[in-house]
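Novice: If you scroll down you'll find the structure; I have some questions about it.
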Amino acid sequence: MEELNRMKSENKKLSDILTIVTRNYNDLMQTRKRKAVDPGNCTDNSCHNYYSCCDETSAGSLPKLIKSNVSRVYVRIDPSDTSLVVKDGYGWRKYGQKVTRDNPSPRAYYKCSFAPNCPVKKKVQRSVNDPSLLVTTYEGRHHHHPSQANVSAVSPPGGATGTSTTVATISGEGSGSTGSLDFLDPLICSKIQKAIAATESSEMQQFLVEKMASSLTRNPAFTAALAAAITGRILDEVISEENKDAVSNSRGFSV
Numbered sequence: 001m002e003e004l005n006r007m008k009s010e011n012k013k014l015s016d017i018l019t020i021v022t023r024n025y026n027d028l029m030q031t032r033k034r035k036a037v038d039p040g041n042c043t044d045n046s047c048h049n050y051y052s053c054c055d056e057t058s059a060g061s062l063p064k065l066i067k068s069n070v071s072r073v074y075v076r077i078d079p080s081d082t083s084l085v086v087k088d089g090y091g092w093r094k095y096g097q098k099v100t101r102d103n104p105s106p107r108a109y110y111k112c113s114f115a116p117n118c119p120v121k122k123k124v125q126r127s128v129n130d131p132s133l134l135v136t137t138y139e140g141r142h143h144h145h146p147s148q149a150n151v152s153a154v155s156p157p158g159g160a161t162g163t164s165t166t167v168a169t170i171s172g173e174g175s176g177s178t179g180s181l182d183f184l185d186p187l188i189c190s191k192i193q194k195a196i197a198a199t200e201s202s203e204m205q206q207f208l209v210e211k212m213a214s215s216l217t218r219n220p221a222f223t224a225a226l227a228a229a230i231t232g233r234i235l236d237e238v239i240s241e242e243n244k245d246a247v248s249n250s251r252g253f254s255v
């Protein structure tokens, strides 16, 4: 009995260790995902000048993002360019501009030139962390083809071309700088995030199994305690069966 109590104590310690390892693993994966979607982490020439990703949202808020048809893209520009203009193949009408609390750079507001027939809007503002990045937030989906007069072969989110992701090269108006556009549909983001979650879940399960097996095999007392517990269980069952037979025989004699 004392041996079993000791093993229970060791098992509790192992469970605590596994909990800590699991927490550290999840924290590491979250850090890697944040670095993967942070445009400011790309500094070498091999990186694209444009980044597109889903907003970091929890699983509970993701359906809301898809339902509202909101997507965000980043465009690298010349820091001296103050036009806040992103050519994405569609015509836009600017209807407002203001300075927000969290960013000294103003935010420009645009409506699709086909409004009110097309409800799409977009907001353009410099990144608060990197002034050479324009953050463009699209709301809604276009119900018409892009204008070939603006940019050829470009399809922002919700375009009528039927493609979920389109890459194009654009020029910042008045700056002469170019950037690579890669529009990513929120639905595709959802599928990617689900695939990542499934992969991480499988990897985590395998990791925990290997960790537990390794910890137990390194503990020589575990095998002895397990054998003792099994032996004790078998002896209990044998004694129980013998007692049943004895009771049955005594009843037979009494009859």
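Numbers 1 to 255, taken from UniProt numbering, label the letters of the sequence shown in order. Beta carbons: idealized from backbone N, C-alpha and C, even for Gly.
#1: Is L84 helix, strand or coil by DSSP?
#2: Helix, strand or coil for Y25? Go by DSSP, reduced to three states.
#3: Nearest to T82 by CA position, among H144, H142, Q125, V120, is which residue?
#4: State the DSSP-derived secondary structure class of R76, mapped to helix, strand or coil.
#5: Go ahead and pull the three-state DSSP assignment for residue 304.
#6: Please report the distance separating the alpha-carbon of R32 from that of N26.
#7: Give the straight-line distance between the Cα atoms of K98 and Y109, rounded to the nearest whole angstrom.
#8: What does the alpha-carbon distance come out to for the pair K123 and T100?
#9: By how many angstroms is the C-alpha of S15 removed from the C-alpha of S71?
#10: For R93, name the three-state secondary structure that DSSP assigns.
#11: Is S147 near Y95, with beta carbons less than 8 Å apart?
#12: Applying the 10 Å Cβ sphere with the 16-neighbour rule, what's the burial state of V135?
#13: Given this structure, state the Cα-to-Cα distance separating P106 from V75, to the nearest angstrom.
#14: Start and end of the beta strand (DSSP E) containing R126?
#15: Could you tell me whether the Cβ atoms of R141 and V120 are closer together than 8 Å?
#16: Is it right to say N11 is buried, meaning 16 or more other beta carbons lie within 10 angstroms of its own, or is it exposed?
#17: Here's the rule: buried if 16 or more other CB atoms are within 10 angstroms of the residue's CB, otherwise exposed. What is L4?
#18: Applying the 10 Å Cβ sphere with the 16-neighbour rule, what's the burial state of I77?
#19: Report the three-state DSSP secondary structure of S15 (helix, strand or coil).
#20: What separation, rounded to the nearest whole angstrom, lies between the Cα atoms of S127 and C118?
#21: Per DSSP, which one or two residues make a beta bridge with S147?
Specialist: Inspection of the coordinates gives the following:
#1: coil
#2: helix
#3: Q125
#4: strand
#5: Within the shown structure, residues of the chain are numbered from 1 to 255, placing residue 304 beyond reach of any answer.
#6: Pairing R32 with N26, the inter-Cα distance amounts to about 10 Å.
#7: 9 Å
#8: 12 Å
#9: When rounded, the distance between both Cα atoms is 42 Å.
#10: strand
#11: no
#12: buried
#13: 16 Å
#14: 121-126
#15: yes
#16: Classification of N11: exposed, given that the 10 Å Cβ count is below 16.
#17: It counts as exposed.
#18: buried
#19: helix
#20: 27 Å
#21: Per DSSP, none; premise fails for S147.
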